[in-house]
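Chains as they are written, first to last, in the UniProt record's numbering: chain C, 1 to 373; chain H, 1 to 373.
Even glycine gets a Cβ: it sits at the ideal position worked out from N, Cα and C.
All values derive from a computational prediction rather than experimental measurement.
Number of protein chains: 2
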Amino acid sequence: MGDDHAMQTEAACSILTIDLTAVTDNWRLLRDRAAPAACAAVVKADAYGLGIDPVAPALADAGCTLFFVATLDEGLRLRGLLPQVEVAVLGGLLPGTAPIFLRDRLIPVLNDLGQVERWRAETAKAGQAAPAILHVDTGMNRLGLDPQETEKLAADPALLEGIEITYVMTHMACPDEPSHPLNAAQLTRFRVALASLPGAKGSLAASSAIFLGPDYHFDLVRPGAALYGVNPTPGAPNPMRQAVRLEGRVLQVRHVDRGEGVGYGATRRCDKPSKIATVATGYADGYLRALSNRGVARIAGHEVPMIGRVSMDLLTFDVTDLPEGLVYPGGLMELLGEGYTPDDAARDAGTIGYEILTSLGSRYARHYIGAGA
Amino acid sequence: MGDDHAMQTEAACSILTIDLTAVTDNWRLLRDRAAPAACAAVVKADAYGLGIDPVAPALADAGCTLFFVATLDEGLRLRGLLPQVEVAVLGGLLPGTAPIFLRDRLIPVLNDLGQVERWRAETAKAGQAAPAILHVDTGMNRLGLDPQETEKLAADPALLEGIEITYVMTHMACPDEPSHPLNAAQLTRFRVALASLPGAKGSLAASSAIFLGPDYHFDLVRPGAALYGVNPTPGAPNPMRQAVRLEGRVLQVRHVDRGEGVGYGATRRCDKPSKIATVATGYADGYLRALSNRGVARIAGHEVPMIGRVSMDLLTFDVTDLPEGLVYPGGLMELLGEGYTPDDAARDAGTIGYEILTSLGSRYARHYIGAGA
Chain C
1 MGDDHAMQTE
11 AACSILTIDL
21 TAVTDNWRLL
31 RDRAAPAACA
41 AVVKADAYGL
51 GIDPVAPALA
61 DAGCTLFFVA
71 TLDEGLRLRG
81 LLPQVEVAVL
91 GGLLPGTAPI
101 FLRDRLIPVL
111 NDLGQVERWR
121 AETAKAGQAA
131 PAILHVDTGM
141 NRLGLDPQET
151 EKLAADPALL
161 EGIEITYVMT
171 HMACPDEPSH
181 PLNAAQLTRF
191 RVALASLPGA
201 KGSLAASSAI
211 FLGPDYHFDL
221 VRPGAALYGV
231 NPTPGAPNPM
241 RQAVRLEGRV
251 LQVRHVDRGE
261 GVGYGATRRC
271 DKPSKIATVA
281 TGYADGYLRA
291 LSNRGVARIA
301 GHEVPMIGRV
311 SMDLLTFDVT
321 DLPEGLVYPG
331 GLMELLGEGY
341 TPDDAARDAG
351 TIGYEILTSL
361 GSRYARHYIG
371 AGA
Chain H
1 MGDDHAMQTE
11 AACSILTIDL
21 TAVTDNWRLL
31 RDRAAPAACA
41 AVVKADAYGL
51 GIDPVAPALA
61 DAGCTLFFVA
71 TLDEGLRLRG
81 LLPQVEVAVL
91 GGLLPGTAPI
101 FLRDRLIPVL
111 NDLGQVERWR
121 AETAKAGQAA
131 PAILHVDTGM
141 NRLGLDPQET
151 EKLAADPALL
161 EGIEITYVMT
171 HMACPDEPSH
181 PLNAAQLTRF
191 RVALASLPGA
201 KGSLAASSAI
211 FLGPDYHFDL
221 VRPGAALYGV
231 NPTPGAPNPM
241 RQAVRLEGRV
251 LQVRHVDRGE
261 GVGYGATRRC
271 DKPSKIATVA
281 TGYADGYLRA
291 LSNRGVARIA
301 GHEVPMIGRV
311 SMDLLTFDVT
321 DLPEGLVYPG
331 GLMELLGEGY
341 TPDDAARDAG
351 TIGYEILTSL
361 GSRYARHYIG
371 AGA
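Written out as structure tokens, the structure is:
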């Protein structure tokens, strides 16, 4: 397809614009806030839905040298993009995968003693020491060594022979609730674990915990969601810049009689003669169906409410009260952005901004703007 | 990457298996049920998340000759896959796109008089008649000509000059609720519209309406969700075969003390010493966060409950009561399948099976089995 062709088909798409400068500005803000701790970047789940291919190089250009991903495949993709940076894989070292980690210089996050043993055996076989991050659980009870396993390691350093522990990390369960008692409990448990492994550098904070204060910073912070504009301090003003803007393509504007229902199940009826705009975005595009009758769109400073259920490929908004001529087939309405953020959509959908971002679909025309785009 | 490499990284992935024979069997069942009406297949949204590249050719091999997609880009993709079949684009004919439709022999679904006029102008320019499907709205109020527009067309056939109307279609709002009064109302309105456009063939039924009986079949039915295993008759036994099986890769099995919380927010506490399996699937993979503390996994005939919130990349299940040795790192647990269907997950998540399917993510190793795989 030529460029002309792409332009023409784009005329039929919804558009997702991703501001790479917002992402790198966010990373710098978090880096400065956490200094003198180092600042990594979490780019798992395709950079939280924004696209790892453009996002990771922009962050590397901004000065980030250590990246976290969730899976081995994500690690391999990132290694292909950025041959020089450090890449840590949170999912850890499953049976059969150690040779790939070693060959591609991926840093496994070791989550249990079996993974420690597996990495030790691999480095022994290769006759070279290799780095790893040790993940100790401090109360999340999801991934990581339990306290008994950590004690075993502390008591027998030979278990770590050939493994260069670059960081000992943990992950917090409730850092977005500053007053939750588990925060202080996890902090204490982490200090105990660190003290039992002399010389190890520590990493505890992801996005929200960076804002719990310097006690939580240790040697390395690992922001993810906040890089992409999610508010790391729910209930307080968002210190981050918004990085995504989603515009839905208007397919049709229709007049609907009083008393008529709109959409599946006719869940909402028009209480007066109404004008409905139908937009080419739906739950197949990651616009969660939980936003049915709740979502909001914006156009030229006006806010319009969704009416009816979210369909697979379509949304319907009540544009009755808009000035004439503002909404027309082929035009765009803002579905996410400064005026209705992923956090706002999450509140209306009963979820968190993270899920709004990772659900962003593949049918949008994606535009990258700003740093390195 | 060589095959060995792929095998090794797959050892770290969750696995999505798609049974193409289930899809084609479902299509044949619906075709037979709707006969003598013709039976199309709706493959929009990447064949409802199952993958249009393998699904559409399998359906074509089974005898399907008319396919519906939502967007122009989906139409172009399908045209590239299957040069000979008929491809109809439900989203319609936005400004600037008519030349592409004509060049690639895509059939626009004309949703308003503006689109009719656009297609008429394009065919006149090209000096050749071209097919289109006319979409009349009968109460969904989402896409399609309103009754006044339909009357205008009926009164002035010149508006359709150069357009070969292969079908007049409408779409139902509540066919999954057989007793909903809107069903009969839409049927009546559709008959009126058809009668006003003499000679036109009709298409009303998608998956559920096929089961409302022959009155709803007209000349063409357009099943989508039912092809992929979603129950078109909610509340009654599912006549369709399940087409997807999702297996989550176990990353870790851990022992958790009584009183400990699991996952973000520590929303669920263990009321006894427990064993938790952490699985490499999360909401970034389309396992909806609304399934937190509600989802179910299966392993070797046992059912285990989710404990804690769905994370971006991880799920946690309470496997305390399972026989020893059944769950281990690197093993698999069934997250969707015969025992816990997309409809079951939808019920637990407060949505519909359609959204469970279209959310299926891109980090799975995808295996296609059955017809043509």
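Beta-carbon proximity of residue i to residue j, cut-off 8 angstroms
i              : j       : result
L110(H)        : V85(H)  : no
residue 392(C) : L78(C)  : Limits of chain C in this structure are 1 at one end and 373 at the other, which puts residue 392(C) out of reach.
V319(C)        : K275(C) : yes
residue 375(C) : C13(C)  : No answer is possible for residue 375(C): the residues shown for chain C start at 1 and end at 373.
P54(H)         : L30(H)  : no
G339(H)        : R298(H) : yes
L159(C)        : V116(C) : yes
I107(C)        : I133(C) : yes
S288(C)        : A243(C) : At residue 288(C) the sequence reads Leu, which differs from the Ser that was named. Not in contact: L288(C) and A243(C) (Cβ atoms no closer than 8 angstroms).
M312(H)        : A45(C)  : yes
A185(H)        : S207(H) : no
D112(H)        : Q252(C) : yes
T71(C)         : A280(H) : yes
A124(C)        : I165(C) : no
For residue i, the residue or residues it bridges with in DSSP
i       : result
I369(C) : D19(C)
V262(C) : R268(C)
K275(H) : H255(H)
P305(H) : V296(H)
E334(H) : E247(H) and R298(H)
I133(H) : V109(H) and Y167(H)
A38(C)  : L220(C)
T316(H) : T278(H)
L145(C) : V136(C)
Nearest-angstrom Cβ-Cβ length linking residue i and residue j, presumed shorter than 8 angstroms
i       : j       : result
N26(H)  : M240(H) : 5 angstroms
G229(C) : F218(C) : With a Cβ gap of about 25 angstroms, G229(C) and F218(C) do not count as contacting.
L59(H)  : A34(H)  : That belief does not hold up - the Cβ atoms of L59(H) and A34(H) are roughly 15 angstroms apart, past 8 angstroms.
L82(C)  : P57(C)  : 6 angstroms
L212(C) : P237(C) : Not really, about 17 angstroms apart at Cβ, beyond 8 angstroms.
T316(C) : V262(C) : 5 angstroms
V310(H) : G330(H) : Not really, about 22 angstroms apart at Cβ, beyond 8 angstroms.
G265(C) : A173(H) : 6 angstroms
E334(C) : E247(C) : 6 angstroms
T170(H) : H135(H) : 7 angstroms
L220(C) : A38(C)  : 5 angstroms
L90(C)  : V69(C)  : 7 angstroms
A290(C) : A284(H) : That pair is no contact at about 17 angstroms.
A371(H) : I356(H) : 23 angstroms between Cβ atoms; not a contact.
R120(H) : E151(H) : The pair is not a contact, with the Cβ atoms about 18 angstroms apart (cut-off 8 angstroms).
Residues that residue i contacts on chain H, provided the C-beta gap is smaller than 8 angstroms
i       : result
I210(C) : Per Cβ cutoff of 8 angstroms: no residues; I210(C) is ~17 angstroms from chain H at best.
L182(C) : G261 and A266
T123(C) : Under the 8 angstroms cutoff, chain H gives no residues; its nearest Cβ is about 18 angstroms from T123(C).
S311(C) : R142
I107(C) : Those within 8 angstroms of I107(C) in chain H number zero; the least Cβ separation is about 15 angstroms.
Contacts of residue i in chain H (Cβ-Cβ under 9 angstroms)
i       : result
R241(C) : Going along chain H, no residue has its Cβ under 9 angstroms from R241(C), so there is no contact; the nearest lies around 21 angstroms.
H255(C) : D146 and Q148
A351(C) : According to the sequence as given, residue 351(C) is Thr; it is not Ala. Within chain H, the residues near T351(C) are Y283, L288, R289 and A290.
P237(C) : What P237(C) touches in chain H: nothing, since even the nearest Cβ is about 22 angstroms away.
Under 9 angstroms by beta carbon: chain C residues contacting residue i
i       : result
T166(H) : Result: empty, since nearest Cβ-Cβ is about 21 angstroms, beyond 9 angstroms.
L72(H)  : Q8, T9, A11, A12 and C13
R363(H) : A45, D46, A70, T71, D73 and E74
G91(H)  : A12, R249, L251, A280, D313 and L314
Chain C contact residues for residue i, given Cβ-Cβ distances below 8 angstroms
i       : result
N111(H) : L251 and Q252
I356(H) : Simply none; closest approach about 10 angstroms.
P54(H)  : In chain order: nothing, as chain C lies at least about 17 angstroms away.
C174(H) : Y264, G265 and A266
Under 7 angstroms from the C-beta of residue i: neighbouring residues of chain H
i       : result
G96(C)  : Q8 and A11
M306(C) : Going along chain H, no residue has its Cβ under 7 angstroms from M306(C), so there is no contact; the nearest lies around 12 angstroms.
G114(C) : P329
Chain-ordered chain C contacts of residue i [CB-CB under 7 angstroms]
i       : result
S207(H) : Those within 7 angstroms of S207(H) in chain C number zero; the least Cβ separation is about 12 angstroms.
G330(H) : L94 and P95
Go through the segment 51-130 of chain C residue by residue and report every complete run of the beta strand (DSSP E) that reaches 3 residues or more, in order.
As far as the segment 51-130 of chain C is concerned, its whole beta strand (DSSP E) runs of at least 3 residues are 66-69, 86-89 and 106-110.
Quick check on the DSSP output: what are the complete alpha helix (DSSP H) runs of length 4 or more inside the segment 158-237 of chain C, in order along the chain?
181-196
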